[in-house]
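Chemist: Can you read through this structure? Questions will come right after.
Number of protein chains: 2
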Amino acid sequence: MCVGATPHDHHHHETPEGLSLTRRSFLKAGAAGAAGMSLAVAAPAVPALAHARAGRGHRVVDLTHRLVKTFPAFLGPQAITDQVLFTIENDGFYTKQWTFDEHIGTHIDTPGHFSPGGALVDALDPQTLLAPIAVVDIKRKAMDDPNAMVEPRDLVRYERRHGRIPRGALVCMNSGWAAKVGDGDAFRGGTGFPDLNFPGFSSDATDWLNAKRDIVGIGVDTMSIDPGNSADFAVHVSFLGSGRYGIENLANLDHIPAKGARAFVGPVPWEDGSGSPCRVLATVAGRR
Amino acid sequence: MCVGATPHDHHHHETPEGLSLTRRSFLKAGAAGAAGMSLAVAAPAVPALAHARAGRGHRVVDLTHRLVKTFPAFLGPQAITDQVLFTIENDGFYTKQWTFDEHIGTHIDTPGHFSPGGALVDALDPQTLLAPIAVVDIKRKAMDDPNAMVEPRDLVRYERRHGRIPRGALVCMNSGWAAKVGDGDAFRGGTGFPDLNFPGFSSDATDWLNAKRDIVGIGVDTMSIDPGNSADFAVHVSFLGSGRYGIENLANLDHIPAKGARAFVGPVPWEDGSGSPCRVLATVAGRR
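If you read the protein sequences in the order shown, they are chains A and B.
In my numbering, each residue carries its 1-based index in the first sequence increased by 2.
In my numbering, each residue carries its 1-based index in the second sequence increased by 2.
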């Protein structure tokens with residue numbers, strides 16, 4: 003029934019739970035349909051993705067890195083594996099299985115990642131997942147110091163230029179680091195924990211935000227909300243511990259304005275997770 | 003340094019790649035910090051999540067099911083496993099590792115899931131991930147027939163009442179099935195493929211949408227865009243094959259209006275994926 007299949011080709015796949023689905027069983031169900039329609043043969047040519055609009059007068063900017071299997075991991079070695087479970091050629095459809103740590107790729111850190119009793123990924127308030135974005139640019143000092151930090155003075159300077167950080171904001175550091183993501187050692191600034199050097203937030207800055215503004219979270223274009231050389235994970239402890247979230251490994255912060263964009267933050271709300279890979283999209287005023 | 007730790011407690015964790023991180027190594031890095039700050043001791047009490055706003059005059063409705071490990075799977079047996087890698091008590095932080103099929107929980111099906119050459123999850127146009135939602139209610143006929151389908155006449159009736167389905171829409175079936183998600187056999191309408199009975203779209207309906215309207219995708223509150231008793235996966239083949247996406251296992255469609263809500267669709271853009279668990283949020287006009 004499938005193009006390219008041979009009569010003796012009874013391809014068989016095992017899932018980790020020992021569950022099996024044979025091509026024969028899948029096609030047997032298919033054969034019960036009118037005319038024994040072939041899935042593979044019936045598949046039409048696939049056109050380009052349907053053209054679409056992000057709403058009147060808005061365009062979408064993707065703040066998410068593609069999650070390649072070689073995505074730079076905090077500890078160094080590759081942290082993702084996948085396995086093809088079914089193929090169109092053999093089974094009529096294609097799907098993979100994935101295994102990975104919650105903190106890989108563009109992802110969210112929850113209050114419970116470092117703080118006992120803190121909200122986990124399935125308990126985040128959905129109202130906090132749509133937020134105005136403030137982008138604080140520290141690219142200049144990050145060129146001089148790989149462990150540069152967003153400091154309170156950077157926030158004050160931001161507000162002098164762009165106005166007060168709005169209530170419910172997601173405050174994002176743009177250090178220029180996203181451009182290094184294709185080279186793990188460059189992106190980490192080392193071979194892996196504890197050999198890490200990249201920019202992050204200072205706890206003085208997050209304390210300032212918590213005391214003076216009312217935000218939902220912070221984001222960074224590096225792999226940690228604390229700088230790479232942090233010895234105490236102070237921001238993970240105090241800022242996440244304040245009941246707010248962090249987003250790490252953001253992309254494309256150069257492609258949204260310092261103020262005025264809005265973020266959609268899309269963590270997977272799996273059971274008792276400390277975080278998860280997370281689609282982050284921004285909407286920006288203006289036609290595409 | 004950690005509360006509750008004993009001097010001989012050198013907890014050791016192995017990742018699947020054989021990488022190890024010892025508590026000692028983690029805390030050694032911590033000890034380099036000023037005053038040897040304890041991560042666990044420093045963690046403050048965690049307040050309720052920061053109160054936030056979904057933008058002026060909008061509230062967020064979560065269309066995503068919590069992804070519990072026992073989430074009903076298409077094939078029957080549990081399709082998700084997790085493993086705790088690090089704990090706050092032993093390591094200063096908490097994180098898990100997950101293994102699962104791409105098509106579990108609230109998730110997206112891509113054009114490439116059934117059609118060779120179709121776009122995969124890392125090639126979806128981000129502009130298509132923000133879309134006006136049309137909710138087509140077939141709860142009444144789904145009570146009489148578990149394999150009820152959205153038919154062209156349901157779309158015509160929808161438009162008579164709510165106006166034309168907008169360009170770029172995500173057209174969602176509300177069959178009432180989301181209420182069954184806590185009972186796998188009830189949600190599947192059987193024990194697993196091919197013993198499945200639940201509502202879906204007819205290919206007549208998706209052909210009608212493709213010919214007469216210009217949408218980005220369809221969504222269902224069941225585990226497949228085809229009805230459970232489908233023998234040919236006609237909608238997976240023809241609709242996904244047209245370069246559009248499907249979302250399965252949507253939640254809370256009763257809590258958004260039939261027209262006027264907007265969806266944010268957040269698949270994880272992992273490498274060459276046929277789909278992925280996907281956060282789906284809706285924004286609805288009106289104060290919270």
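For glycine and all other residues, C-beta sits at the position ideal for the given N, C-alpha and C.
#1: T285/B bridges to which residues according to DSSP?
#2: Report the residue from I135/A, D127/A, A188/A, I90/A whose alpha carbon sits nearest the alpha carbon of H164/A.
#3: What's the C-alpha gap between A284/A and W272/B?
#4: Going by C-alpha distance, which of H67/B, H60/B, V62/B is nearest A253/B?
#5: For V123/A and R281/A, I'd like the C-alpha separation in whole angstroms.
#6: Looking only at its chain, what residues have a beta carbon closer than 7 angstroms to the beta carbon of A188/A, apart from the 5 residues adjacent to it on each side?
#7: Does DSSP put S232/A in a helix, a strand or coil?
#8: What residue does the beta strand (DSSP E) around M225/B start on, and which one ends it?
#9: Taking 9 angstroms as the CB-CB limit, is G346/A close to chain B?
#10: Hey, does I227/B have any beta-carbon neighbour from chain A nearer than 9 angstroms?
#11: For G20/A, which residues in the same chain have their Cβ closer than 8 angstroms to its Cβ, ignoring the five residues on either side in sequence?
#12: Taking the straight line between their C-alpha atoms, what separation do you get for K98/A and G221/A?
#13: Can you give me the C-alpha to C-alpha distance between G114/B and F95/A, rounded to a whole angstrom?
#14: Measuring straight from C-alpha to C-alpha, what distance separates Q85/A and W100/A?
#15: Counting only C-beta atoms, is Y160/B closer than 9 angstroms to chain A at any point?
#16: Skipping 5 residues on each side, what residues in its chain have a beta carbon closer than 6 angstroms to that of G120/B?
#17: Could you check whether the region 66-80 of chain B touches the region 185-204 of chain B, counting it as contact only if at least three pairs of C-beta atoms, one from each stretch, sit closer than 8 angstroms?
#18: Quick check on A197/A: does DSSP put it in helix, strand or coil?
#19: What residues match up with G78/B in a beta bridge as DSSP calls it?
#20: Since I believe V237/B is in contact with H60/B (beta carbons under 8 angstroms), could you give me their beta-carbon distance rounded to a whole number of angstroms?
#21: Return yes when at least one heavy atom of the ligand ZN lies under 8 angstroms from the C-beta of P279/B, else no.
#22: Report the three-state DSSP secondary structure of S117/B (helix, strand or coil).
#23: Helix, strand or coil: how does DSSP classify P9/B here?
#24: Using a Cβ-Cβ distance under 9 angstroms, would F189/B count as near chain A?
#25: Go through its chain and collect everything with a Cβ distance to G178/B's Cβ below 7 angstroms, but skip five positions before and after it.
#26: Identify which residue in G192/A, G191/A, L198/A, G243/A has its Cα closest to the Cα of V218/A.
#27: With a threshold of 8 angstroms on Cβ separation, who are the neighbours of A150/A within its own chain once the five nearest residues in sequence on each side are excluded?
#28: Give a yes or no on whether 9 angstroms exceeds the smallest Cβ distance from T193/B to chain A.
#29: When you compare the CB of K143/B with every CB in chain A, is at least one pair closer than 9 angstroms?
#30: Establish whether the CB of I82/B and some CB of chain A are separated by less than 9 angstroms.
#31: Are the CB atoms of L131/A and V62/B within a distance shorter than 9 angstroms?
#32: Tell me the rounded alpha-carbon separation between D256/B and M225/B.
#33: Along the alpha helix (DSSP H) that carries T208/A, what are the first and last residues, could you check?
#34: Suppose you measure from the CA of D64/B to the CA of G194/B; what does that come to, to the nearest Å?
#35: For H67/A, name the three-state secondary structure that DSSP assigns.
#36: Which residues in the same chain as H105/A place their Cβ atom closer than 6 angstroms to its Cβ, once the five residues preceding and following it in sequence are excluded?
Modeler: Let me spell this out:
#1: V62/B, R264/B
#2: The residue with the shortest Cα to Cα distance from H164/A is I135/A.
#3: 19 angstroms
#4: H67/B
#5: 14 angstroms
#6: K182
#7: coil
#8: Segment: none, M225/B is in no beta strand (DSSP E) and carries neither H nor E.
#9: No answer is possible for residue 346/A: the residues shown for chain A start at 3 and end at 290.
#10: Taking a beta-carbon distance threshold of 9 angstroms, I227/B does not count as an interface residue toward chain A.
#11: Confidence in G20/A is poor, its pLDDT being 33 and thus under 50, which makes the residue's placement unreliable; the coordinate value appears in the next sentence. Answer for G20/A: no residue qualifies.
#12: 30 angstroms
#13: In this structure, the CA atom of G114/B is about 9 angstroms from the CA atom of F95/A.
#14: 7 angstroms
#15: no
#16: P113, G114
#17: yes
#18: The sequence shown places Asp at residue 197/A, not Ala. Of the three classes helix, strand and coil, the one that applies to D197/A here is strand, per DSSP.
#19: A75/B
#20: Incorrect: roughly 32 angstroms between the Cβ atoms, too far for contact.
#21: In the structure on display, the ligand ZN does not appear, and there are no ligands present to speak of.
#22: coil
#23: Only weak support is given to the placement of P9/B: the predicted model assigns it a pLDDT of 31, under 50, and the question is left unresolved by the model.
#24: no
#25: K141, A144
#26: G243/A
#27: Once the five neighbours on either side are set aside, the close Cβ partners of A150/A are I140, K143, A144, S177, P201, P229.
#28: no
#29: no
#30: Chain A has a Cβ within less than 9 angstroms of the Cβ of I82/B.
#31: yes
#32: 17 angstroms
#33: Counting along the chain, the alpha helix (DSSP H) containing T208/A begins and ends at 205-214.
#34: When rounded, the separation of the alpha-carbon atoms in D64/B and G194/B is 27 angstroms.
#35: coil
#36: G277
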